[in-house]
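Numbering (the working numbering), first residue to last: -9 to 401.
Idealized CB from N, CA, C, for every residue including glycine.
Note that this is a predicted model, so its numbers are computed, not measured.
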């Protein structure tokens, strides 16, 4: 591990401020740079019993999006293509040298600012630290941790941590205890299923059970129903091409911008599927009826939790069989047999998530300006949050945009 962080006037100012507040630095931060060093550092932590102490299930990563498999593909493919610098920040308690947290981060230039964020690049549903036994549990400890973080990231203008869950494996997430923490526009949508799909549907009530049974009968009328996981390289590539094609069609039909077919994103998802084909950490399922593809579902598993990332269907022809609901239920059936009990339907508000009974948990974000250059960005983001929270202002903005739109333009 390499931790050499040069002293700067900014660091000295932060240290002086901490001393004036009566808060001596409580955490030491070690910084690793580059893809290989970051992955090696995480690999070492993954075998440390102190890390496993704070996690649940068989994985030491807080979510699938901080797992070694996910980060290996993300850093090697997308971060490289977008010129983002990988760093791993490992914090230990200064007095005891016990492991506190680790943050896999990326530093990149955006809008004239150098921004540090948990490795995401818009592809991870959740951003969270790896936790150890010395992780802060209150706001005071969190403030001291952020002091150490600011010192370690003295070459950046802004620390931006988004889509953070408030709890990790039953423990408070220390990164959300900062005074600047605000609600994210995203929420986690998940449910626990302990028994069978049939028992789960029965628990949802007669209406939901009847709807599912009716859609299943219609699907069976079209031929034998099968759910298959792409296993070989050839199966993965063929299935991914179909998923990509369907999603692009659905989004463009709806008039949405579609970015998941960008070359580096496509390479990332394929690399993730190829690298985990034997472990099941990432899965691409295809639902067929009479040998024809009906719907596809892509997700990741860590411990006893499966997180849905992408879902698509064959369009209007299959609409009467509720293809999205059907493939979710069939995937749940398969994953239950593999020991999965928590089904996380990811961020975003979609009707099928409400239909299946997901519980929504708001996520949290924190933005900390380290230089004056970042303050206008912070102010602009605060204004946007206020706009999202005020339905009257949103309606006003929509009216103004409509007035500016050229006559005859498609809305």
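Where does residue i fall in DSSP's three states?
{"i": "residue 183", "result": "coil"}
{"i": "residue 212", "result": "coil"}
{"i": "residue 222", "result": "coil"}
{"i": "residue 406", "result": "Given a span of -9 to 401 for the chain in the structure shown, any question on residue 406 remains unanswerable."}
{"i": "residue 15", "result": "Summary for residue 15: the model assigns pLDDT 43, below 50, so the residue's position carries little reliability, and this model does not support an answer."}
{"i": "residue 88", "result": "coil"}
{"i": "residue 241", "result": "helix"}
{"i": "residue 25", "result": "helix"}
{"i": "residue 257", "result": "helix"}
{"i": "residue 402", "result": "As shown, the chain starts at -9 and ends at 401. That puts residue 402 outside it, with no answer to give."}
{"i": "residue 80", "result": "strand"}
{"i": "residue 278", "result": "strand"}
{"i": "residue 178", "result": "strand"}
{"i": "residue 98", "result": "strand"}
{"i": "residue 141", "result": "helix"}
{"i": "residue 132", "result": "helix"}
{"i": "residue 250", "result": "coil"}
{"i": "residue 264", "result": "helix"}
{"i": "residue 114", "result": "coil"}
{"i": "residue 150", "result": "strand"}
Please return the same chain residues whose Cβ sits closer than 6 Å to the Cβ of residue i, not counting the five positions on each side in sequence.
{"i": "residue 11", "result": "Only weak support exists for where residue 11 lies, its pLDDT of 44 falling under 50; the value from the coordinates is given anyway. So no residue of the chain qualifies."}
{"i": "residue 298", "result": "289, 335, 336"}
{"i": "residue 286", "result": "233, 276, 302"}
{"i": "residue 16", "result": "84, 134"}
{"i": "residue 330", "result": "294, 296"}
{"i": "residue 126", "result": "132, 135, 164"}
{"i": "residue 71", "result": "254"}
{"i": "residue 202", "result": "191"}
{"i": "residue 18", "result": "82, 84"}
Whose C-alpha, out of the options, is nearest the C-alpha of residue i?
{"i": "residue 165", "options": "177, 81, 234", "result": "81"}
{"i": "residue 247", "options": "211, 254, 237, 256", "result": "237"}
{"i": "residue 90", "options": "119, 114, 62", "result": "119"}
{"i": "residue 24", "options": "75, 55, 31, 53", "result": "75"}
{"i": "residue 318", "options": "222, 347, 292", "result": "347"}
{"i": "residue 178", "options": "102, 367, 352", "result": "352"}
{"i": "residue 185", "options": "376, 333, 245, 212", "result": "333"}
{"i": "residue 281", "options": "191, 251, 218", "result": "218"}
{"i": "residue 278", "options": "271, 221, 215", "result": "215"}
{"i": "residue 87", "options": "102, 122, 212", "result": "122"}
{"i": "residue 55", "options": "196, 97, 155, 26", "result": "155"}
{"i": "residue 263", "options": "313, 223, 329, 239", "result": "223"}
{"i": "residue 114", "options": "29, 250, 314", "result": "250"}
{"i": "residue 283", "options": "213, 367, 358", "result": "213"}
{"i": "residue 354", "options": "324, 116, 259", "result": "116"}
{"i": "residue 432", "options": "22, 27, 339, 365", "result": "Nothing can be reported for residue 432, as the shown portion of the chain is limited to -9 through 401."}
{"i": "residue 230", "options": "256, 266, 211", "result": "256"}
{"i": "residue 204", "options": "323, 315, 18, 366", "result": "315"}
{"i": "residue 258", "options": "244, 108, 227, 241", "result": "227"}
{"i": "residue 241", "options": "194, 304, 191, 267", "result": "304"}
{"i": "residue 151", "options": "189, 273, 326, 105", "result": "105"}
{"i": "residue 73", "options": "265, 97, 51, 92", "result": "97"}
{"i": "residue 340", "options": "153, 239, 112, 176", "result": "176"}
From residue i to residue j, what does the alpha carbon distance come to, in whole angstroms?
{"i": "residue 402", "j": "residue 169", "result": "What the structure shows of the chain is the stretch from -9 to 401, and residue 402 is not part of that stretch, so it cannot be assessed."}
{"i": "residue 34", "j": "residue 254", "result": "28 Å"}
{"i": "residue 234", "j": "residue 132", "result": "41 Å"}
{"i": "residue 135", "j": "residue 306", "result": "52 Å"}
{"i": "residue 342", "j": "residue 187", "result": "16 Å"}
{"i": "residue 275", "j": "residue 110", "result": "24 Å"}
{"i": "residue 124", "j": "residue 295", "result": "25 Å"}
{"i": "residue 373", "j": "residue 209", "result": "48 Å"}
{"i": "residue 147", "j": "residue 99", "result": "10 Å"}
{"i": "residue 292", "j": "residue 182", "result": "15 Å"}
{"i": "residue 321", "j": "residue 300", "result": "13 Å"}
{"i": "residue 149", "j": "residue 160", "result": "25 Å"}
{"i": "residue 368", "j": "residue 359", "result": "7 Å"}
{"i": "residue 200", "j": "residue 344", "result": "16 Å"}
{"i": "residue 370", "j": "residue 324", "result": "46 Å"}
{"i": "residue 141", "j": "residue 95", "result": "15 Å"}
{"i": "residue 173", "j": "residue 194", "result": "29 Å"}
{"i": "residue 108", "j": "residue 77", "result": "9 Å"}
{"i": "residue 158", "j": "residue 52", "result": "6 Å"}
Keeping to the same chain, check which residues put their C-beta closer than 7 Å to that of residue i; ignore five residues upstream and five downstream.
{"i": "residue 310", "result": "208"}
{"i": "residue 130", "result": "none"}
{"i": "residue 266", "result": "59, 272"}
{"i": "residue 145", "result": "104"}
Might you give, ordered along the chain, the residues of its own chain that have their beta carbon closer than 8 Å to the beta carbon of residue i, omitting 5 neighbours on each side?
{"i": "residue 128", "result": "167"}
{"i": "residue 29", "result": "58, 61, 62, 65"}
{"i": "residue 102", "result": "363"}
{"i": "residue 269", "result": "59"}
{"i": "residue 67", "result": "254, 257, 258, 261"}
Determine whether the Cβ of residue i lies closer than 8 Å to any Cβ atom of chain D.
{"i": "residue 164", "result": "In the structure shown, chain D does not exist; there is a single protein chain."}
Following a CB-centred definition, is residue i positioned closer than 7 Å to any heavy atom of the ligand MN?
{"i": "residue 295", "result": "Among the ligands in the structure shown, none appear at all, so the ligand MN cannot be discussed."}
Which runs of the alpha helix (DSSP H) at least 4 residues long sit entirely within the stretch 290 to 376? Give them in chain order.
313 to 326, 341 to 346
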